[in-house]
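Residue numbers (our numbering): 1401 to 1611.
Here is the structure we will look at, set down as structure tokens.
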């Protein structure tokens, strides 16, 4: 059996047949087979189709992934707080927004407890999830006028300001990303992500699903 490594950071990961799959601490869920040790060559080969966990993991694994990535984005960073570090932190947060909004797709696909007909109405009536959906479109489309999707959180898309770094007491730093929904007060991007995950948690509890 080949050694499995995280596709994101390259760290060794347990084989999914040996233990319940848990996302890498870096937030990545895809694994690749590192054949260098067994073949004496360089380069990693993609894992077999049965290990394409990004496509085949169930909603519970996606739920754990959301919480792991949230913990990562709100943990103080120790890298350089210059433009490169801020850009990396912003990218992590924007990717988390995408994961939060599309968590609904995993629920609809697997339909645990017959919740499929409840998922879209819930997402489309949650103020926090609608804001996150708009932030996904802001990230995807430089010109939001060009997207076919109308804003969900208001009559206009939210604005996303420039990220800034705030030092913490332990010597690291945390990014602040200002998000301003149309006609409302500015919010912190990480707080928006926390609110979105809290909304899904409340829904899972209401539907009797473990969370």
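For every residue, glycine included, the Cβ atom is placed at its ideal position computed from N, Cα and C.
Predicted model only: the values in this text are computed from it and were never measured.
Closest by C-alpha distance to residue i, when choosing among the options
{"i": "residue 1470", "options": "1603, 1595, 1608", "result": "1595"}
{"i": "residue 1567", "options": "1514, 1501, 1474, 1502", "result": "1474"}
{"i": "residue 1477", "options": "1468, 1467, 1488", "result": "1488"}
{"i": "residue 1482", "options": "1574, 1460, 1506", "result": "1574"}
{"i": "residue 1599", "options": "1467, 1510, 1412, 1461", "result": "1467"}
{"i": "residue 1588", "options": "1572, 1604, 1565, 1571", "result": "1565"}
{"i": "residue 1552", "options": "1526, 1611, 1604", "result": "1526"}
{"i": "residue 1498", "options": "1517, 1532, 1485", "result": "1532"}
{"i": "residue 1492", "options": "1504, 1510, 1576", "result": "1576"}
{"i": "residue 1458", "options": "1571, 1518, 1503", "result": "1503"}
{"i": "residue 1480", "options": "1583, 1500, 1585, 1572", "result": "1572"}
{"i": "residue 1604", "options": "1516, 1537, 1495", "result": "1516"}
{"i": "residue 1472", "options": "1585, 1537, 1495", "result": "1495"}
{"i": "residue 1597", "options": "1586, 1611, 1485", "result": "1611"}
{"i": "residue 1460", "options": "1484, 1414, 1511", "result": "1511"}
{"i": "residue 1501", "options": "1537, 1550, 1414, 1583", "result": "1537"}
Cβ distance (whole Å) where residue i is taken to contact residue j below 8 Å
{"i": "residue 1560", "j": "residue 1535", "result": "7 Å"}
{"i": "residue 1558", "j": "residue 1579", "result": "6 Å"}
{"i": "residue 1490", "j": "residue 1563", "result": "5 Å"}
{"i": "residue 1609", "j": "residue 1514", "result": "No, residue 1609 and residue 1514 are not in contact; Cβ-Cβ is about 11 Å, not under 8 Å."}
{"i": "residue 1412", "j": "residue 1431", "result": "About 10 Å; that fails the 8 Å criterion."}
Opposing strand residues paired with residue i [DSSP bridges]
{"i": "residue 1359", "result": "Any question about residue 1359 goes unanswered here, given that the chain covers just 1401 to 1611."}
{"i": "residue 1579", "result": "1560, 1587"}
Cβ-based burial, residue i [other Cβ within 10 Å; buried from 16]
{"i": "residue 1602", "result": "exposed"}
{"i": "residue 1456", "result": "Only weak support is given to the placement of residue 1456: the predicted model assigns it a pLDDT of 45, under 50, and the value that follows is read from those uncertain coordinates. Flag for residue 1456 reads exposed."}
{"i": "residue 1523", "result": "buried"}
{"i": "residue 1540", "result": "exposed"}
{"i": "residue 1555", "result": "exposed"}
{"i": "residue 1350", "result": "For residue 1350 there is no data in the structure shown, the boundaries of the chain being 1401 and 1611."}
{"i": "residue 1465", "result": "buried"}
{"i": "residue 1462", "result": "buried"}
{"i": "residue 1506", "result": "buried"}
{"i": "residue 1606", "result": "exposed"}
{"i": "residue 1509", "result": "exposed"}
{"i": "residue 1593", "result": "buried"}
{"i": "residue 1450", "result": "Bear in mind that a pLDDT of 37 at residue 1450, under 50, signals an unreliable position, so the number given afterwards is only what the model happens to contain. When all chains shown are included, residue 1450 counts as exposed."}
{"i": "residue 1419", "result": "With a pLDDT of 44 at residue 1419, under the threshold of 50, the predicted position of this residue should be treated as unreliable, and no value is reported."}
{"i": "residue 1439", "result": "The predicted position of residue 1439 is uncertain, since its pLDDT is 36 and thus under 50; no value can be drawn from it."}
Next item on the list: Go through the segment 1500-1576 residue by residue and report every complete run of the alpha helix (DSSP H) that reaches 4 residues or more, in order.
Entry: With a minimum length of 4 residues, the continuous alpha helix (DSSP H) runs that stay inside the segment 1500-1576 are 1503-1510, 1516-1525, 1527-1540.
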